[in-house]
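Worksheet for the structure shown next.
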Amino acid sequence: MTDLKQLEIEIENLRYKMEQQAEKMGMTHPEVIQMSQKLDELHNQWNRRHQTKPFRLKEDGGVYIIRRYSATICKAAMSRA
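Residue 58 in our numbering sits at position 8 of the sequence shown; the count goes up by one each step and never skips.
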């Protein structure tokens with residue numbers, strides 16, 4: 051498995067864990083914020099590995115598309131608003 055693929059798996063795993071914690075503890079809980087910051091770092095790592103290449107979609111190995119908040123995160127945010 052390539053380093054890039056491994057990084058993508060790590061990003062998706064952390065995103066899932068963050069969603070679960072946000073649902074339990076709320077989006078402003080320090081643990082959720084810490085996970086979010088780590089996720090930002092991982093996205094930055096992914097993007098740095100591709101900054102020398104022309105803009106392309108993830109499927110072409112270019113830009114990693116960050117998915118919009120999942121229904122779980124939206125539901126947790128709306129219930130606390």
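Ideal Cβ positions, reconstructed from N, Cα and C, are used throughout, including at glycine.
- In the same chain as residue 99, and ignoring 5 residues on each side of it, the C-beta atoms closer than 7 Å to its own belong to 54, in chain order.
- Counting along the chain, residue 68 sits inside the alpha helix (DSSP H) bounded by residues 53-75.
- Using a Cβ distance threshold of 8 Å, residue 95 and residue 57 count as a contacting pair.
- When the Cα atoms are used, residue 89 and residue 80 turn out to be separated by approximately 14 Å.
- Excluding five sequence positions before and after residue 85, the CB atoms of its chain that fall closer than 8 Å to its own CB belong to 64, 67, 68 and 71, given in chain order.
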